[in-house]
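Asker:
Numbering (the numbering used here), first residue to last: 72 to 250.
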């Protein structure tokens, strides 16, 4: 009986310590940060990049995003890594329409080969800012639902896309723009 009690104490201690470790790591990664939706003023942005109509597991948009990130890190282009995800009922199941590229912070004289230029102009917009690690960030559909809920609560209808800005420090801004 004494051995089983000792074993029970050890198992309990292990479970408690593992729980403390997991909670500490979660906190260090920013998992307990609150997520707020902010209403923001209009903005105009110029984005260079490429459109992708693909299955959600396709690596082409990810590879292109890496190429854009390298351009930003090397100083070839000044701006912010951008992904615009379009919401459409006409897309096949498990497919995405997204525009991956760079939101320019300065004007460019020459657009890199393989990139197209798009202009985006908003009225009001709703945004979520996330500084926590990717492992503990809310899922994209959760963030989009939060933005939609806030916009509809304030009496606004959103456009059919979400504008995502990923900064070099790995923080993230997700925006829903009003029609």
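Quick reminder that beta carbons are idealized off the backbone N, C-alpha and C, glycines included.
What you are looking at is a predicted structure, and each value in this text was computed from that prediction instead of being measured.
Are the stretch 103 to 111 and the stretch 192 to 205 in contact at 8 Å, needing three or more beta carbon pairs?
Answerer: Yes: the two stretches touch, three or more of their Cβ pairs being nearer than 8 Å.
Asker: Does the separation of the CB atoms of residue 125 and residue 167 fall below 8 Å?
Answerer: Their beta carbons are under 8 Å apart, which means residue 125 touches residue 167 by this criterion.
Asker: Verify whether the separation of the beta carbon atoms of residue 102 and residue 207 is less than 8 Å.
Answerer: Result yes, Cβ atoms of residue 102 and residue 207 sit closer than 8 Å.
Asker: Check whether the Cβ atoms of residue 196 and residue 249 lie closer than 8 Å to each other.
Answerer: Yes; because the gap between Cβ atoms is below 8 Å, this pair is in contact.
Asker: Going by other Cβ atoms of all chains shown within 10 Å of its Cβ, with 16 needed for buried, is residue 150 buried or exposed?
Answerer: Buried: at least 16 other Cβ atoms inside 10 Å.
Asker: How would you label residue 234, buried or exposed, when you count the other beta carbons within 10 angstroms and need 16 or more for buried?
Answerer: With 16 or more other Cβ atoms within 10 Å, it is buried.
Asker: Using 8 Å as the Cβ pair cut-off and three pairs as the minimum, do the stretch 79 to 88 and the stretch 121 to 138 touch?
Answerer: The stretch 79 to 88 vs the stretch 121 to 138: no contact.
Asker: Is the separation between the beta-carbon of residue 191 and that of residue 120 shorter than 8 Å?
Answerer: Taking 8 Å as the Cβ cut-off, residue 191 and residue 120 do not qualify as a contacting pair.
Asker: Quick one: using the 10 Å Cβ neighbour count with 16 as the cut-off for buried, is residue 99 buried or exposed?
Answerer: By the 10 Å Cβ count, residue 99 comes out exposed.
Asker: Could you tell me whether the Cβ atoms of residue 193 and residue 118 are closer together than 8 Å?
Answerer: No, the Cβ-Cβ distance between residue 193 and residue 118 is not below 8 Å.
Asker: Identify, in the order they occur along the chain, each residue of the same chain with its Cβ nearer than 7 Å to the Cβ of residue 238, setting aside the five sequence neighbours on each side.
Answerer: Answer for residue 238: 151, listed in chain order.
Asker: For the beta strand (DSSP E) that contains residue 142, what are its first and last residues?
Answerer: Unbroken run through residue 142 is the alpha helix (DSSP H), 131 to 145; no beta strand (DSSP E).
Asker: With a CB to CB cut of under 8 Å and the five nearest residues on each side skipped, what residues in its chain are close to residue 251?
Answerer: Missing from the structure shown is residue 251; the chain here goes from 72 to 250 and no further.
Asker: Based on Cα-Cα distance, which residue from 140, 198 and 224 lies nearest to residue 112?
Answerer: Answer by Cα proximity: 198.
Asker: Can you pull the DSSP bridge partners for residue 152?
Answerer: According to DSSP, which records beta bridges pairwise, residue 152 is partnered with 173 and 237.
Asker: With DSSP as the reference, identify every bridge partner of residue 120, one or two as the case may be.
Answerer: DSSP lists 172 and 187 as partners of residue 120.
Asker: What does the Cβ neighbour count give for residue 110, buried or exposed, with the cut at 16 atoms within 10 Å?
Answerer: That one is exposed.
Asker: In whole angstroms, give me the CA-to-CA distance for residue 240 and residue 80.
Answerer: Their Cα atoms are separated by approximately 43 Å.
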